[in-house]
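In what follows, a single structure is set out as structure tokens and then discussed.
There are 2 protein chains.
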Amino acid sequence: MTVNIELDYNPKQMAIREKVFNTIISCFKRHGAENIDTPVFELKETLTGKYGEDSKLIYDLKDQGGELLSLRYDLTVPFARYLAMNKVTNIKRYHIAKVYRRDNPAMTRGRYREFYQCDFDIAGQYDPMIPDAECLKIVHEILSELELGDFRIKVNDRRILDGMFAVCGVPDDKFRTICSTVDKLDKMSWEDVRSEMVKEKGLSEEAADQIGQYVSLQGGMDLAERLLQDAKMSQSKQACAGLTDMKQLFSYLQLFQVTDKVVFDLSLARGLDYYTGVIYEAILTQTGPVPVAAAQNGAGEKAEEGVSVGSVAGGGRYDGLVGMFDPKGRKVPCVGVSIGIERVFSIMEQKAEASAEKVRTTETQVMVASAQKNLLEERLRLTAELWNAGIKAEVMYKKNPKLLSQLQHCEDSGIPLVAILGEQELKDGVVKLRTVHSREEIDVSRAKLVEEIKRRTSDV
Amino acid sequence: MTVNIELDYNPKQMAIREKVFNTIISCFKRHGAENIDTPVFELKETLTGKYGEDSKLIYDLKDQGGELLSLRYDLTVPFARYLAMNKVTNIKRYHIAKVYRRDNPAMTRGRYREFYQCDFDIAGQYDPMIPDAECLKIVHEILSELELGDFRIKVNDRRILDGMFAVCGVPDDKFRTICSTVDKLDKMSWEDVRSEMVKEKGLSEEAADQIGQYVSLQGGMDLAERLLQDAKMSQSKQACAGLTDMKQLFSYLQLFQVTDKVVFDLSLARGLDYYTGVIYEAILTQTGPVPVAAAQNGAGEKAEEGVSVGSVAGGGRYDGLVGMFDPKGRKVPCVGVSIGIERVFSIMEQKAEASAEKVRTTETQVMVASAQKNLLEERLRLTAELWNAGIKAEVMYKKNPKLLSQLQHCEDSGIPLVAILGEQELKDGVVKLRTVHSREEIDVSRAKLVEEIKRRTSDV
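Here it is, written out as structure tokens:
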């Protein structure tokens, strides 16, 4: 039953997930995004030819005589299909949903992997680099708010890469495969990457060495300006277009106050076929228990998230994808970002385990309890009063529970208050309100109880 | 591409769904529920033999040489499997997720249906009927808060049904099939139900007529008391146990103040095999455009939700299901309720369409605009300031948008405020804050802008 063991999420995991989702969704909404949903099934032909070498991980469903269907591999291709089918030409949307990949099908005989993706995209014909800058601002906001530690956002552009390949003497038909090799620079040394280019992919040593000089470069707007003056680079129209846009992007990033974390990095390539312009990837830079642990399952997550070791977000511009689904080929330019949310979850889970603070799995404000026997009906009546007033309340489903076991449940699940009923309290029209943490008890009149509970739990 | 057309949800639908989910999740949390998640795939054997006649709608996946997998049919069986696997003996949890059924496989060659289920369950050995009463209280709260119109919650008990069948002379091996026929009383006349019992299922006319007398009965605690005195019913131990618990249930429902909507109805049967005690079903009783429209797609939704026409929630007690997954057969008593959320969505969508009020698909509080050219940088700078202060803000991705098109966007998407920048405002250190609805404009200093926006949108 390993399939299920692997994928069930218990209440503690769900509580952490909910917190992460809330942070991310708040950010998306702050930026005016709408929400859409698409089915987990797409026509097989919709997914064909969109993912490059990763296409082998797509899970096809059984042929039942109807349409051939696959489980969605990501949320970007379904989004593009949605835009084309519904003739939507302008939208800023987020989509959080599960996607499915075969986990190394050769090794595991068709086992699935199921995981969340968390995407924000802006579709529409706009002035250059404004939506692109907003996507980077969003990554900056989310990673800052999640407090995962220090991070960097690497930025590059497919046009700069292609221009660089051209001026370095890479034959046109080798652009994509050389790009895939460059993409490995975050996990492999330059020597190994160079060797793969020359020995496996048949590139000349001269071309490889020229590429090597460029991909070691990192900087900001200054680097884009320098490369625009570069004797070789400036020969490529494509590279110049990309570099001019990169300068523009950095000027907007300055206005958004996020240049502290953003680096123009010529070694960033990203594997997916559909990118046409700016690409980016955010990585955690902190060394210590958290990123080390995250890197441990990095090999598995490379395939999972389409991002490299340490990567927690990635995306880019894909101006051609929607047109592939439109009968007349009408294009809708798009740019977007995907948060590597499963990586974020596992970091947050590790942080929670390392922390002394307990993760609450409920939001219960008060437990309705009694110290004496035969007060079940009174407990239920009070509990219903609290529910009707919007208070989050629990009551034990026993006729005569021990006070100790009622208090123990509060300790275990972090319930901050106990409303204790007894014969005397009922006679006096009060409730003994106990603060679990301090064990302090005060009598509160029934009429003021709701107000008092709200006051004491207003920061919960 | 019909598969996808049918199942995409646009931003307006998603906004309505989010509102419904928020209401339901708030209620579940108010009752102290935890959240879990399970994968969409279950072992085929996990689902086998749990759903009675509906099992033919389970969607099996392709045999890839590994485990045989099926898509989950509901959330109850995976929950029971989760409890047994993790040896959980006490939990109150909710689970909101998509389930999958084949849409009449004979007709549509294996087409899927994908839809949400929304379940709340209480597992554990407790004093009788307390958790059962809480489930009914939850249905009452949710249906009241969603304002779907008047409703009734029918209650019955499998033990009362089985006892009734026994004393009416139904042979033991016909209990389940006669139960399925009784379940059709909400859509068929008694004459047709009687005819199916006698002609198709071979029941004697005398037995059928005796059943007919009982299933016409409706009432409350009084009816349970009366039946406990009934000469025939009182001969069945099972029926007496069910009737005694029914009395107890009504006494708790009185404390919870929900007896106005709850009816003990002997014709309620419910189709699923796994119920062992109390069963219930909530129906909308209002006549008018809303329920008529809901009933129109009722035939399809019968299979979808496992509930009958007009039904918006259902559930019951299933004390044996967890034990079926435990190697030693250890039982964990459970009771739960499933909200027929797709039905609720379609009613809410119809209400939204009938209403003059527009459904907002974003939560944007303010649009940062300019009346003059060349102010893109100033707009972006102010927008970032607002984002950083937690304000939901949008800005047009154009260098020089017309003021009219910026205002039009606010009208279209319901953005209540516009922060307008101009040369004069920049010089004076102010922003012109315009209320879209009233067209009123006031100058607000940059330092006070965030506060002023929060004040004006605090009810949004």
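Going down the list, the sequences are from chains A and B.
The opening position of the first sequence corresponds to residue 1 in UniProt numbering, with each subsequent residue numbered one higher.
The opening position of the second sequence corresponds to residue 1 in UniProt numbering, with each subsequent residue numbered one higher.
Think of the CB as a built atom: it goes at the ideal place given N, C-alpha and C, for glycine as much as any other residue.
What's the gap between the Cα of residue i and the Cα of residue j?
i: Gly277 of chain B; j: Arg360 of chain A; result: 32 Å
i: Ala393 of chain B; j: Leu421 of chain B; result: 14 Å
i: Val215 of chain B; j: Phe115 of chain B; result: 32 Å
i: residue 464 of chain A; j: Pro128 of chain A; result: Past the boundaries of the shown model lies residue 464 of chain A; chain A is included only from 1 to 460, so the question cannot be answered.
i: Arg455 of chain A; j: Glu440 of chain B; result: 37 Å
i: Tyr280 of chain A; j: Asp183 of chain A; result: 12 Å
i: Gln296 of chain B; j: Val170 of chain B; result: The pLDDT assigned to Gln296 of chain B is 40, lower than 50, so where the model puts this residue is not dependable; a value taken from the coordinates is nonetheless given after this. Their backbone Cα atoms lie some 35 Å apart in a straight line.
i: Asp186 of chain A; j: Ile283 of chain A; result: 10 Å
i: Arg81 of chain B; j: Arg101 of chain B; result: 19 Å
i: Leu268 of chain A; j: Pro78 of chain B; result: 43 Å
i: Arg194 of chain A; j: Gln125 of chain A; result: 39 Å
i: Val307 of chain B; j: Ala356 of chain A; result: Reliability fails at Val307 of chain B, whose pLDDT of 40 lies under 50, so the model's placement of it is uncertain and the value that follows must be treated cautiously. About 46 Å.
i: Lys137 of chain A; j: Phe28 of chain A; result: 11 Å
i: Leu426 of chain A; j: Gln248 of chain B; result: 23 Å
i: Ala352 of chain B; j: Phe345 of chain B; result: 10 Å
i: Leu75 of chain B; j: Pro11 of chain B; result: 26 Å
i: Gln117 of chain A; j: Val40 of chain A; result: 12 Å
Kindly indicate if chain A contains any beta-carbon less than 8 Å away from that of residue i.
i: Gly32 of chain B; result: yes
i: Ile453 of chain B; result: no
i: Glu333 of chain B; result: Per the sequence presented here, residue 333 of chain B reads as Pro, with Glu not at that position. It does not; no Cβ of chain A falls within 8 Å.
i: Arg152 of chain B; result: no
i: Thr457 of chain B; result: no
i: Asp74 of chain B; result: no
i: Tyr126 of chain B; result: yes
i: Glu440 of chain B; result: no
i: Met246 of chain B; result: no
i: Glu394 of chain B; result: yes
Which residues mark the beginning and the end of the beta strand (DSSP E) in which residue i is found?
i: Met367 of chain A; result: Val366 to Ser370
i: Glu357 of chain A; result: Taken as a continuous stretch (DSSP letters only), Glu357 of chain A belongs to no beta strand (DSSP E), as it is neither H nor E.
i: Ser234 of chain B; result: Per DSSP, Ser234 of chain B belongs to no beta strand (DSSP E) and is neither H nor E.
i: Gly32 of chain A; result: Gly32 of chain A -> no beta strand (DSSP E), and no H or E assigned at all.
i: Gly310 of chain B; result: Unbroken run through Gly310 of chain B: none, as it is neither H nor E.
i: Asp60 of chain A; result: Counting along the chain, Asp60 of chain A falls outside any beta strand (DSSP E), and DSSP gives it neither H nor E.
i: Cys334 of chain A; result: Cys334 to Ile339
i: Ala419 of chain A; result: Leu417 to Leu421
i: Lys432 of chain B; result: Val430 to Thr435
i: residue 482 of chain B; result: The structure shown does not extend to residue 482 of chain B, since chain B is modelled only from 1 to 460, so the question has no answer here.
i: Glu441 of chain B; result: Glu441 to Ser445
i: Arg72 of chain A; result: Run containing Arg72 of chain A: none; DSSP gives neither H nor E here.
Name the two residues that bound the continuous alpha helix (DSSP H) containing residue i.
i: Glu403 of chain B; result: Reading the sequence as shown, one finds Leu at residue 403 of chain B and not Glu. Run containing Leu403 of chain B: Leu403 to Ser413, per the alpha helix (DSSP H) assignment.
i: Asn400 of chain A; result: No alpha helix (DSSP H) holds Asn400 of chain A; DSSP gives it neither H nor E.
i: Ser180 of chain A; result: Phe175 to Val182
i: Leu47 of chain B; result: Lys44 to Leu47
For residue i, tell me which candidate among the options has the shortest Cα-Cα distance.
i: Tyr275 of chain B; options: B:Asn22, B:Val436 and B:Asp162; result: B:Asp162
i: Glu53 of chain A; options: A:Gln406, A:Arg270 and A:Glu357; result: A:Arg270
i: His31 of chain B; options: A:Cys135, A:Val430, A:Ser236 and A:Ala384; result: A:Ala384
i: Leu243 of chain A; options: A:Asp157, A:Gly212 and A:Ile36; result: A:Asp157
i: Val450 of chain A; options: A:His437, A:Leu433 and A:Ser438; result: A:Leu433
i: Lys373 of chain A; options: A:Ser236, A:Glu363, A:Asp37 and A:Pro401; result: A:Pro401
i: Lys328 of chain B; options: B:Tyr9, B:Leu7 and B:Lys87; result: B:Lys87
i: Ala15 of chain A; options: A:Arg381, A:Val430 and A:Thr362; result: A:Thr362
i: Val332 of chain A; options: A:Met324, A:Gln218 and A:Lys427; result: A:Met324
i: Leu223 of chain A; options: A:Cys240, A:Ala208, A:Asp209 and A:Ile178; result: A:Cys240
i: Ile347 of chain A; options: A:Gln13, A:Leu7 and A:Asp8; result: A:Gln13
Can you check whether the C-beta of residue i is within less than 8 Å of a C-beta belonging to chain B?
i: Thr259 of chain A; result: no
i: Lys141 of chain A; result: Per the sequence shown, residue 141 of chain A should be read as Glu rather than Lys. Closer than 8 Å to some Cβ of chain B, the Cβ of Glu141 of chain A qualifies, so yes.
i: Phe120 of chain A; result: no
i: Leu253 of chain A; result: no
i: Tyr280 of chain A; result: no
i: Ile130 of chain A; result: yes
i: Glu18 of chain A; result: yes
Answer yes or no: the CB of residue i versus the heavy atoms of the ligand ATP, is any distance below 7 Å?
i: His437 of chain B; result: Absence of the ligand ATP is noted for the structure shown, with no ligands found whatsoever.
Nearest chain C C-beta to residue i closer than 8 Å, yes or no?
i: Val40 of chain B; result: This model lacks chain C altogether, as its protein chains are A and B.
Worksheet item: Taking three-plus beta-carbon pairs below 8 Å as touching, is the region 4 to 20 of chain B in contact with the region 422 to 432 of chain A?
Response: no
Worksheet item: If we count Cβ pairs, one from each stretch, closer than 8 Å, do we get three or more for the region 138 to 153 of chain A versus the region 231 to 240 of chain A?
Response: no
Worksheet item: Are the region 246 to 253 of chain A and the region 129 to 137 of chain A in contact at 8 Å, needing three or more beta carbon pairs?
Response: yes
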